[in-house]
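Step one of this worksheet: look at the structure below.
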Amino acid sequence: MTPSWTLRADRALPSDPEVRPIAREIYTTIADLPIRSMHGHVDVTVLARDEAFGNPAEVLVTPDHYLTRMLVSQGQSLVSLGVLDRATNTKEQDPREIFRRFAEGWHLFRGTPTKLWMEHVLVEVFGVQERLSGETADAAYDLISDALKTDAFRPRALLDRFRITKLATTDGAADSLAHHHRIAEDLGEGRIVPTFRPDPFLVLDAPGWRTQIHALAEACGTTVETYAGYISALEMRREAFIAAGASAVDIGVTHLDTTPLSDAEASRIFDAALASTVTPQEAAAFCGHMLTEMARMSTEDGLVMQLHSGALRSHDPAVRDAFGADVGYDIPIAMEFTRALQPLLARFGHHPRFTLILFTLDEDTYSRELAPMAGVYPAVKLGAPWWFLDAPDAMRRGREAVTETAGFYNTTGFVDDTRAFFSIPARHDLSRRIDAGYLARLVAEHRLELDEAIAVAYDLTVTLPQQAYARK
Amino acid sequence: MTPSWTLRADRALPSDPEVRPIAREIYTTIADLPIRSMHGHVDVTVLARDEAFGNPAEVLVTPDHYLTRMLVSQGQSLVSLGVLDRATNTKEQDPREIFRRFAEGWHLFRGTPTKLWMEHVLVEVFGVQERLSGETADAAYDLISDALKTDAFRPRALLDRFRITKLATTDGAADSLAHHHRIAEDLGEGRIVPTFRPDPFLVLDAPGWRTQIHALAEACGTTVETYAGYISALEMRREAFIAAGASAVDIGVTHLDTTPLSDAEASRIFDAALASTVTPQEAAAFCGHMLTEMARMSTEDGLVMQLHSGALRSHDPAVRDAFGADVGYDIPIAMEFTRALQPLLARFGHHPRFTLILFTLDEDTYSRELAPMAGVYPAVKLGAPWWFLDAPDAMRRGREAVTETAGFYNTTGFVDDTRAFFSIPARHDLSRRIDAGYLARLVAEHRLELDEAIAVAYDLTVTLPQQAYARK
Amino acid sequence: MTPSWTLRADRALPSDPEVRPIAREIYTTIADLPIRSMHGHVDVTVLARDEAFGNPAEVLVTPDHYLTRMLVSQGQSLVSLGVLDRATNTKEQDPREIFRRFAEGWHLFRGTPTKLWMEHVLVEVFGVQERLSGETADAAYDLISDALKTDAFRPRALLDRFRITKLATTDGAADSLAHHHRIAEDLGEGRIVPTFRPDPFLVLDAPGWRTQIHALAEACGTTVETYAGYISALEMRREAFIAAGASAVDIGVTHLDTTPLSDAEASRIFDAALASTVTPQEAAAFCGHMLTEMARMSTEDGLVMQLHSGALRSHDPAVRDAFGADVGYDIPIAMEFTRALQPLLARFGHHPRFTLILFTLDEDTYSRELAPMAGVYPAVKLGAPWWFLDAPDAMRRGREAVTETAGFYNTTGFVDDTRAFFSIPARHDLSRRIDAGYLARLVAEHRLELDEAIAVAYDLTVTLPQQAYARK
């Protein structure tokens with residue numbers, strides 16, 4: 011049977027007949043280059059164990075908050091999509107039913123990147139032959155389910171099939187990194203590397219902070235009873251991550267501030283946190299201080315510092331209580347980078363061992379603040395359009411807003427930022443298409459020659475991620 | 011004589027030769043669909059009385075603040091355009107002169123939607139045959155003037171000619187709704203419906219608030235001497251609106267906040283307002299509280315809640331004193347929705363009887379805040395680009411900023427938001443063209459198949475306005 | 011030898027085959043029109059002395075902070091590019107080496123306007139025949155160096171070659187204007203005119219303010235010991251500028267506020283500044299007050315008031331200490347105009363002798379605040395996209411964000427805002443191309459007729475700069 015659902019060769023390339031042939035020519039030069047996934051959230055245990063993935067619902071639907079949030083916005087409940095309600099300890103148990111709910115809502119994704127990613131996954135990776143709908147749901151489910159049981163669909167086999175030559179995971183700062191060491195033995199060093207994520211240790215008034223500190227101390231084989239001990243423990247863990255191949259730190263904060271504190275003041279606040287008497291103001295000041303400390307550590311150990319900011323986490327507290335974090339209820343807020351980063355950049359913005367990669371969810375900051383800073387401070391690089399902005403038009407707008415001030419060479423190339431392992435090739439492919447389209451327009455408008463555009467496309471795909479994420 | 015001024019069939023469709031034929035194909039499927047005008051400001055008395063409209067100036071020029079503001083910005087005075095200066099009790103008395111001033115400034119509207127709307131009105135509705143200018147002004151005036159005297163140009167006849175099958179007006183919460191009842195008798199129920207506008211009752215420190223409260227009490231045949239009585243009166247009026255066919259509430263606030271107060275605190279502030287001792291801070295807190303109360307009422311009576319925010323009204327106080335409100339001097343300000351709506355959405359964001367339609371004048375909030383919220387909360391829908399943003403490029407930017415995160419199905423379709431009755435078809439037609447053009451680009455870029463785009467176009471024109479504005 | 015590096019005739023015009031021929035037709039009508047450079051920073055002494063420019067590095071590289079900041083962001087130091095480090099009194103001395111560093115970094119400018127401007131300068135003005143690179147650097151250097159020694163490349167000869175019929179410089183309020191008077195004798199009055207720049211006199215707590223006041227007094231042949239004397243001195247200097255041909259004032263502030271003070275309060279703060287006891291809050295309030303005073307003076311002497319706001323100057327204090335201001339470290343911040351300008355516009359927004367030209371670095375304010383204000387207040391005009399926004403896509407976005415609300419006729423036409431004399435034709439040419447492209451799209455979308463577009467293009471190039479910058 012001839013499949014009625016196929017991927018168009020020119021998808022996501024500009025339609026303008028003067029631009030598209032150029033875009034295709036540029037895209038062709040980078041389409042098959044290997045993937046370096048330098049910032050993502052794939053669960054390392056999946057790659058360590060290399061066992062078969064689960065059923066289609068638990069692989070493709072339930073954990074993908076881009077997908078579940080859209081279905082929820084149109085009346086589905088998280089429970090009905092397989093997310094556990096901790097309060098009632100219930101969730102939909104039938105994966106086929108969950109998958110069907112997704113298929114029945116397929117039209118809701120029109121115009122979204124989820125549609126493009128899932129088409130790539132379903133058609134290209136799994137070979138689904140008919141457009142998703144309530145009618146075709148079961149056939150697609152069966153096909154995917156059968157494929158997932160085969161060896162060809164085990165994680166490491168897919169790693170090769172997807173041509174992923176490097177993959178950075180995100181790991182808690184107290185993590186033992188045992189899985190990474192095991193994978194390094196199996197696959198060689200440097201293919202799967204950890205990323206140091208210290209967030210829970212930086213927010214002194216978060217619930218469970220002292221438990222986290224205990225875990226941190228344990229991971230170091232020491233105790234953490236003072237600010238100096240805390241700093242030292244974080245430095246030790248960074249070294250352990252470096253030993254496991256890490257090249258980068260990833261930090262996410264809601265409120266951005268980088269005002270340093272004196273050691274005495276930092277110590278005082280840290281002690282207050284241990285004594286559970288810290289105020290929200292003190293905790294916020296400490297967090298800002300620790301961003302500067304993380305930068306200082308980077309100048310000493312060379313780890314690249316990634317900084318994400320601008321989402322108000324768990325907007326609906328009842329949803330957080332029932333389902334936990336990261337279920338689609340984080341909502342962006344307006345950002346201010348110019349003043350907030352000034353103290354940090356005044357200290358380290360020209361340091362030869364420091365790289366600071368910035369991400370935003372507030373598009374206005376691209377041309378107003380981020381590109382001007384990346385366009386002068388050697389340490390600053392702009393991360394790829396992230397999260398809600400990781401979509402064709404948003405990525406294009408990102409390039410248009412950034413390039414005229416910061417050029418291409420102060421950006422890092424694409425990062426997929428995903429826990430959806432199957433969609434990694436789709437995301438990188440889409441990004442390459444958008445970059446090719448943007449470059450092709452510059453060529454068609456005679457703002458760039460074709461050879462320059464092809465060189466830039468290669469650099470965006472290979473050179474810049476390598477350089478930006480290289481430990482210094 | 012062959013008219014030298016005509017409307018181009020492909021106007022406002024994309025020029026890209028790969029996109030335009032697709033856009034035309036999509037547009038053709040929706041071009042002649044009836045108009046459901048679910049949010050507008052047509053004066054209901056016009057439709058109740060069904061008398062001939064006035065002269066060309068008072069119909070097309072004087073009341074249109076898009077139009078007068080542009081002429082004022084280039085040196086005309088409001089008085090010279092027929093707006094009454096209350097201080098001096100003067101205004102231009104000669105409608106022909108007023109119309110000529112508009113015609114002489116026709117070039118000022120190049121690039122604006124007013125040009126497109128007025129071309130549609132003049133050429134399509136009235137049959138003007140030569141481009142507007144100082145030279146052609148009198149001929150156009152005479153032609154329009156003659157037409158307006160004919161029966162074919164009376165309001166209800168135009169309602170049919172314009173294929174307006176449903177029209178929502180905006181009405182003060184204390185309105186008797188007598189006009190609506192009379193129209194329902196004449197035209198059947200549900201064609202012209204009121205919208206409940208409570209704004210003046212929510213701002214306790216506005217001049218005349220107690221007069222308003224008196225009118226509210228009178229409309230209910232009761233007295234309003236307590237907070238409980240006030241709430242009860244508002245609920246009674248909502249019921250009266252529902253009985254008259256209303257499906258929605260429309261609220262506009264300058265400062266957005268939805269923090270609820272305790273009943274005791276709300277009562278205390280309400281009493282202070284009655285005693286004229288309320289502070290601006292108390293009045294602001296009460297207004298924020300009342301947004302949450304309005305949402306609570308919607309969960310009980312099912313009225314859709316529309317929320318407009320983000321304009322600083324009457325920027326020039328001297329203009330307000332002389333000419334009143336709504337004469338073109340409202341200027342937008344930066345908006346924050348994520349934190350401001352959090353209390354309201356935490357309470358009612360998942361309520362099955364609640365629909366909250368959001369409008370903005372700050373484009374940055376589309377991708378940053380509004381689309382992320384609409385893309386997860388079932389209650390939240392995004393209203394059409396509004397006011398200054400109701401224009402070809404702004405509408406296109408709106409779709410581009412919203413769709414990738416919220417899709418099409420969390421938007422409401424177009425609303426014309428106008429008091430300019432003659433321009434209603436022009437506005438809906440322009441919106442349909444822009445939607446067709448946006449969808450066509452997605453098709454040309456293989457991000458959507460043509461059949462999907464045609465289905466979306468129909469839904470944006472028919473299904474979504476019906477669903478979003480259906481009382482639940 | 012056939013040059014391998016040429017300028018494409020259609021550069022920076024839209025690629026869409028339906029739009030480009032129209033764009034070309036529109037552009038052709040304005041391409042060769044003379045340049046009126048109404049806002050720039052060319053050093054008047056260069057034109058007064060009319061001596062040969064220096065070497066290629068000091069002409070094209072070292073003073074251009076667009077250019078040096080990009081090279082710095084990729085690892086060059088300002089010292090290595092010829093900027094003097096005042097602390098160590100060092101800078102690169104070899105201009106050939108500086109030029110080579112620029113040439114080796116040529117690829118970094120891909121996608122930036124600097125690339126387009128420099129291509130125009132190198133190919134069109136100097137006749138460089140091979141694309142810039144490390145290999146071609148020396149040949150280009152020699153060619154430019156030789157040209158700069160010829161009479162044809164002296165400032166006034168270039169002024170003619172570039173068809174610059176009017177050029178406004180920027181001059182300190184205490185400047186003697188002797189250079190301007192000399193030029194007026196040589197070239198006739200009104201070709202090179204000064205612009206009154208009062209910034210240093212408005213910031214009472216800036217280091218050196220009292221020295222500035224002393225200079226101001228001296229320029230007036232008086233003393234300045236009171237607020238009244240200070241106001242009077244500024245008024246006298248404005249008259250001196252008017253006598254030297256000035257038509258405009260240019261003011262830049264970081265924080266925008268226009269709340270007037272009483273004379274008593276202004277006097278009190280002024281006295282505190284003279285006594286060096288002024289607080290930052292007082293100084294800020296005084297600066298806001300002085301914006302209103304500057305507007306008041308404009309209503310009396312007719313000077314056009316330009317207002318720039320929104321950059322945090324000298325983001326890195328160590329760079330400022332070593333290299334001074336204006337070396338590429340000014341970073342934009344979010345702006346608010348609606349509330350900030352309300353007091354000023356309530357007083358003078360309709361004054362017949364007042365023109366206020368606004369510039370922004372925060373693109374979100376274009377559609378949200380600036381276009382709505384320019385679209386109603388007769389005094390308000392929108393300046394060209396400025397600084398970081400003076401680039402093809404940013405200029406296009408500017409037109410798209412502004413035109414639908416404010417039209418074309420509330421904008422001022424292009425200003426180059428540059429101290430890079432050689433790039434003035436490149437900048438005006440690029441702007442004309444972008445305007446032609448924007449207008450052509452409107453024509454191709456049937457939103458404008460071709461004759462209207464051609465009329466607008468002429469007005470943007472000739473009429474609007476003339477009118478907006480005419481002293482009233």
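Protein chains in written order, with the numbering used here: chain A, 11 to 482; chain B, 11 to 482; chain C, 11 to 482.
Using N, Cα and C, we set each Cβ at its ideal position, and we do this for glycine too.
- By the Cβ neighbour-count rule, Glu303 (chain C) is buried, with 16 or more other Cβ atoms within 10 Å of its own.
- The Cβ atoms of Arg457 (chain A) and Ala22 (chain C) lie closer than 8 Å to each other.
- Arg442 (chain B) places its beta carbon 8 Å or farther from that of Tyr151 (chain B).
- At a C-beta separation below 7 Å, Asp374 (chain C) has these neighbours in chain A: Asp374.
- Across the set B:Asp185, B:Gly393, B:Asp267, the C-alpha of B:Asp185 shows the shortest separation from the C-alpha of Ile252 (chain B).
- Taking a cut-off of 8 Å for Cβ pairs, the segment 463–476 of chain A and the segment 120–127 of chain B do not touch, as fewer than three such pairs fall below it.
- For the segment 262–295 of chain A, the beta-carbon criterion of a distance under 7 Å to any beta-carbon of chain C is satisfied by none of its residues.
- Chain order gives no chain A residues near Tyr339 (chain B), where near means a beta carbon separation below 9 Å; the closest approach is about 25 Å.
- Closest in alpha carbon position to Thr268 (chain A), among A:Leu351, A:Val329, A:Gly334, A:Tyr376, is A:Leu351.
- Residue state for Thr16 (chain B) is assigned as coil, using DSSP reduced to three classes.
- Judged by beta-carbon spacing, Ile45 (chain C) lies within the 8 Å limit of Phe172 (chain C), meaning their Cβ atoms are closer than that value.
- Listed along the chain, the chain C residues whose CB falls inside 7 Å of the CB of Thr98 (chain B) amount to none; the nearest CB is some 15 Å away.
- Scanning its chain for C-beta atoms nearer than 6 Å, with the 5 sequence neighbours on each side dropped, one finds around Pro208 (chain A) the residues Ala183, in chain order.
- In the three-state DSSP reduction, Asp26 (chain C) falls in the coil class, being neither helix nor strand.
- Excluding sequence positions up to five before and after Thr233 (chain C), its CB lies within less than 6 Å of the CB of Ala227, all in the same chain and listed in chain order.
- Only those residues of the segment 401–415 of chain B whose C-beta falls short of 7 Å from the nearest C-beta of chain A are listed: Glu410, Thr413, Glu414, Thr415.
- For the 8 Å CB-CB criterion, His75 (chain B) and Val466 (chain B) do not form a contact.
- Around the Cβ of Lys159 (chain A), a 10 Å sphere holds fewer than 16 other Cβ atoms; the residue is exposed.
- A Cβ-Cβ distance of about 33 Å is found for the pair Ala149 (chain B) and Ala332 (chain B), leaving them out of contact under the 8 Å criterion.
- For Gly182 (chain C), the pairing in a beta bridge is given by DSSP as C:Arg207.
- Looking at the DSSP output, Ser319 (chain C) shares a beta bridge with C:Val263.
- Beyond the five residues adjoining it in sequence on each side, Pro165 (chain A) comes within less than 6 Å, by CB distance, of Val56, Leu57, Asp60 in the same chain, given in chain order.
- Sequence-ordered contacts of the segment 340–358 of chain A with chain C read Ala344, Glu346, Thr348, Arg349, Gln352, Leu355, Ala356 [C-beta pairs closer than 8 Å].
- Assigned with DSSP and collapsed to three states, Asp340 (chain C) falls in coil, not helix or strand.
- Ser47 (chain A) carries a strand assignment under DSSP once its states are collapsed to helix, strand and coil.
- The beta carbons of Gly312 (chain A) and Arg357 (chain A) sit about 17 Å from each other, so the pair does not count as a contact at 8 Å.
- Per DSSP, the continuous beta strand (DSSP E) segment holding Phe369 (chain A) begins and ends at 366–369.
- Taken through DSSP and simplified to helix, strand or coil, Asp281 (chain C) comes out as helix.
- With fewer than 16 other beta carbons inside 10 angstroms of its own, Ala167 (chain A) counts as exposed.
- A direct Cα-Cα distance of roughly 31 Å separates Gly92 (chain A) from Phe424 (chain A).
- Not a single CB atom of chain B sits nearer than 8 Å to the CB of Tyr479 (chain C).
- In this structure, the beta-carbon distance from Arg437 (chain C) to Trp127 (chain C) falls below 8 Å.
- Residue-level contact check: Thr122 (chain A) touches chain B, since one or more beta carbons of chain B fall below 8 Å from its beta carbon.
- Here DSSP, grouped into helix, strand and coil, assigns Val93 (chain A) to coil.
- Under the 10 Å beta carbon count, Arg79 (chain C) is surrounded by 16 or more other beta carbons and is classified as buried.
- Residues of the segment 363–393 of chain B with a C-beta less than 8 Å from any C-beta of chain A: Asp374, Ser377, Arg378, Glu379, Ala381, Pro382, Met383, Ala384, Gly385, Val386, Tyr387, Pro388, Val390, listed in chain order.
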